[in-house]
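Chemist:
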Amino acid sequence: MTFMAPLDNSNNIIYGLDMLQSDDNLFSVSDVANHDTSANSAAHSDPAMPIHVLGQGSAPSFAEVSIHEGALFFQVYFETIHPRYPFLDVEECSRGYQDWRMGEIFLSSTDAWRSYLVKMIFAVGSLLRQAKLDGFTRQQHHNLMLQAQADQTILTDHSYKPLVRLQAMLLYAIHALHGESTPRLGHIIGVAMRFAVMKGFHRLVQDGTAETAMAIKAWWCIYMLDKVVAITLCIPPYPPEEWITTPAYANGLEPRYIMPWSSDVPGMYGYGRVNTEGYASSLGLTHVAAITRVILYRLDPADIDSPDIDEKLQACCDFVGIFRALQKKRQIPKHWGDMLFSFQVGVTMVYIVYRRAVPIPKNVDRAIRDVASSLAIFADRSEKADVYRDCLDVLANSISRSCTPGTIDEESRREISGMVQQIIESGTAPDVASMLSEMSQVSGDG
Numbered sequence: 001m002t003f004m005a006p007l008d009n010s011n012n013i014i015y016g017l018d019m020l021q022s023d024d025n026l027f028s029v030s031d032v033a034n035h036d037t038s039a040n041s042a043a044h045s046d047p048a049m050p051i052h053v054l055g056q057g058s059a060p061s062f063a064e065v066s067i068h069e070g071a072l073f074f075q076v077y078f079e080t081i082h083p084r085y086p087f088l089d090v091e092e093c094s095r096g097y098q099d100w101r102m103g104e105i106f107l108s109s110t111d112a113w114r115s116y117l118v119k120m121i122f123a124v125g126s127l128l129r130q131a132k133l134d135g136f137t138r139q140q141h142h143n144l145m146l147q148a149q150a151d152q153t154i155l156t157d158h159s160y161k162p163l164v165r166l167q168a169m170l171l172y173a174i175h176a177l178h179g180e181s182t183p184r185l186g187h188i189i190g191v192a193m194r195f196a197v198m199k200g201f202h203r204l205v206q207d208g209t210a211e212t213a214m215a216i217k218a219w220w221c222i223y224m225l226d227k228v229v230a231i232t233l234c235i236p237p238y239p240p241e242e243w244i245t246t247p248a249y250a251n252g253l254e255p256r257y258i259m260p261w262s263s264d265v266p267g268m269y270g271y272g273r274v275n276t277e278g279y280a281s282s283l284g285l286t287h288v289a290a291i292t293r294v295i296l297y298r299l300d301p302a303d304i305d306s307p308d309i310d311e312k313l314q315a316c317c318d319f320v321g322i323f324r325a326l327q328k329k330r331q332i333p334k335h336w337g338d339m340l341f342s343f344q345v346g347v348t349m350v351y352i353v354y355r356r357a358v359p360i361p362k363n364v365d366r367a368i369r370d371v372a373s374s375l376a377i378f379a380d381r382s383e384k385a386d387v388y389r390d391c392l393d394v395l396a397n398s399i400s401r402s403c404t405p406g407t408i409d410e411e412s413r414r415e416i417s418g419m420v421q422q423i424i425e426s427g428t429a430p431d432v433a434s435m436l437s438e439m440s441q442v443s444g445d446g
């Protein structure tokens with residue numbers, strides 16, 4: 001049985017639920033070039049720091065993770081991801097961490113789920129921990145993902161409960177969200193959503209059991225992730241809202257948990273409550289409201305001077321200011337969806353000024369440069385974000401230095417034409433793709 005993925009790409013690709021059927025499937029990690037890892041940090045070469053090798057699967061080299069590193073990976077996951085996407089059982093994760101710390105979790109394959117759980121938290125944590133990915137951290141992360149893939153048969157193993165399989169898919173989705181590929185992100189979230197609907201997660205009934213409560217959380221997590229893709233790429237969400245009857249979960253104060261990884265991080269307590277405020281801070285809620293305003297106003301090139309476009313432009317400026325404030329306060333993770341949405345907002349502002357053929361307003365100029373700064377931060381940890389940063393830089397500079405408002409010089413158009421094609425092929429909202437194509441068209445083309 002196959003299901004249409006919600007990513008509405010030009011190739012009309014159909015994905016099946018068998019996500020392991022080919023060597024080049026989007027659930028696998030790509031090859032990493034052989035980097036020189038001789039300049040390791042002291043933490044990696046300290047003989048006093050215990051090192052645990054994460055199993056001996058098909059990885060070309062073992063991913064060495066010290067107790068300190070493993071604790072940090074768990075800590076950053078539960079500080080950054082869990083408050084927004086609480087689809088994992090904290091106590092189960094604690095048991096997995098303790099088993100790994102004692103060297104027991106990989107001695108046998110009796111608990112593949114717990115092994116997969118630890119490996120994927122390590123893989124996600126390693127992405128979140130690195131402000132800039134150098135050769136060593138890329139290789140370590142690559143090996144962690146290869147070893148997690150050794151257990152990914154859980155995704156298609158019918159002997160596991162649907163909840164466990166959905167949790168496994170959600171871990172992959174979170175990893176893709178902080179990765180570097182729009183098609184991979186759309187594919188993984190699309191498959192996970194189709195699986196959730198097929199298994200009836202969208203029409204759960206609260207029966208008071210812990211398993212159902214966790215299933216409800218898992219449903220709303222994949223729902224939110226699907227909305228990230230739908231909003232960013234301007235595609236219809238799935239399933240239709242009228243299909244959904246699952247009750248919302250209460251995002252209240254969680255019980256006090258023993259979090260053993262905290263005791264392995266200096267200055268942290270070994271027990272406590274998981275942060276449940278997360279993105280419910282006043283600035284976080286303002287950020288969500290700003291995104292909502294951006295997507296509410298449709299940009300119609302045929303009516304570029306309408307008051308609605310004024311509102312759209314102001315909404316874009318407001319979004320950028322709030323997003324930059326969140327970045328400076330380190331209250332938001334640097335994930336691929338954020339990068340892509342910010343880039344599209346920047347392109348939209350440039351396009352409005354370009355089509356209106358007016359001098360660029362100071363507040364808009366400042367907002368465009370703030371987007372460029374945000375993209376530069378993303379590019380520090382993701383080489384694949386370079387093209388987005390460079391494209392917006394050229395557009396912004398061309399618009400700001402143009403002697404005649406509403407013009408982009410031929411040199412700039414030629415410079416970005418290749419980048420625009422690469423960005424469109426990688427996946428972007430259709431209206432943004434049209435804006436980029438128009439602004440990069442060289443005289444005599446087409």
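At position 16 of the sequence shown (counting the first as 1) the number is 16 in UniProt numbering, and the numbers step up by one without a gap.
For each residue, glycine too, the CB sits at the ideal point set by N, CA and C.
All of these numbers come straight from a predicted model, not from anything done at the bench.
#1: Are the stretch 355–367 and the stretch 389–408 touching, with three or more C-beta to C-beta distances below 8 Å?
#2: Check whether the Cβ atoms of L127 and G96 sit closer than 8 Å, and answer yes or no.
#3: Using alpha carbons as the reference points, say which of V371, E415, V347 lies closest to T428.
#4: Below 8 Å on the Cβ atoms is my guess for A379 versus D370; work out the distance and round it to an integer in Å.
#5: Looking at the unbroken beta strand (DSSP E) that takes in E64, where does it start and where does it end?
#6: Between residue 448 and A215, is the Cβ-Cβ spacing less than 8 Å?
#7: If distances are taken between C-alpha atoms only, which option among Q314, A168, A248, I322 comes closest to A213?
#8: Under 8 Å by Cβ, that's how I've got C317 and V364 pegged, so tell me the actual separation to the nearest angstrom.
#9: Taking the alpha helix (DSSP H) that L299 belongs to, which residues open and close that run?
#10: Near V394, which residues of its chain fall below 7 Å by C-beta distance, leaving aside the five closest residues on each side in sequence?
#11: Between the alpha carbons of S262 and A71, how many angstroms are there, rounded?
#12: What residue does the alpha helix (DSSP H) around K227 start on, and which one ends it?
#13: Exposed or buried, which one is G190 when buried takes at least 16 other CB atoms within 10 Å?
#14: Using C-beta distances below 7 Å, list every residue in its chain close to L436, excluding the 5 sequence neighbours before and after it, in chain order.
#15: Got a sec? Which residues, its chain only, sit under 8 Å from A315 by beta carbon, not counting five neighbours each side?
#16: Within 10 angstroms of the Cβ of A39, are there 16 or more other Cβ atoms? Answer buried if so, exposed if not.
#17: For Y271 and E79, what's the separation of their Cα atoms in angstroms?
#18: Going by beta-carbon coordinates alone, are I67 and D264 separated by less than 8 Å?
#19: Let me confirm a value: P47 is counted as buried when at least 16 other C-beta atoms fall within 10 Å, else exposed. Which label applies?
Modeler: So, to answer that:
#1: The stretch 355–367 and the stretch 389–408 touch, with no fewer than 3 CB-CB distances between them shorter than 8 Å.
#2: Not closer than 8 Å, so no.
#3: Per the Cα distances, V347.
#4: Here A379 is actually not in contact with D370; their C-beta atoms are around 15 Å apart, not less than 8 Å.
#5: Here the beta strand (DSSP E) through E64 covers 64–66.
#6: Beyond the ends of the chain as shown, which are 1 and 446, falls residue 448; an answer cannot be given.
#7: A213 has its Cα closest to that of A248, out of Q314, A168, A248, I322.
#8: So it is a contact: roughly 6 Å between Cβ atoms.
#9: It is not in any alpha helix (DSSP H) - L299 carries neither H nor E in the DSSP assignment.
#10: Within the same chain, V394 has close Cβ partners S412, E415, I416.
#11: Distance between the alpha carbons of S262 and A71 is about 7 Å.
#12: Per DSSP, K227 belongs to the alpha helix (DSSP H) from 210–233.
#13: Around the CB of G190, 16 or more other CB atoms lie within 10 Å, so the residue is classed as buried.
#14: Correct list, in chain order: V347, V420, I423, I424.
#15: Result list for A315: A290, R293, V294, L296, Y297, in chain order.
#16: Summary for A39: the model assigns pLDDT 34, below 50, so the residue's position carries little reliability, and this model does not support an answer.
#17: Note that Y271 scores a pLDDT of 47, beneath 50, so its modelled location is shaky and nothing firm can be said.
#18: With contacts defined by Cβ atoms closer than 8 Å, I67 and D264 form a contacting pair.
#19: Low confidence applies to P47: its pLDDT is 36, below 50, so where it sits in the model is not reliable, and the reading given next is rough at best. Exposed, because fewer than 16 other Cβ atoms sit within 10 Å of the Cβ of P47.
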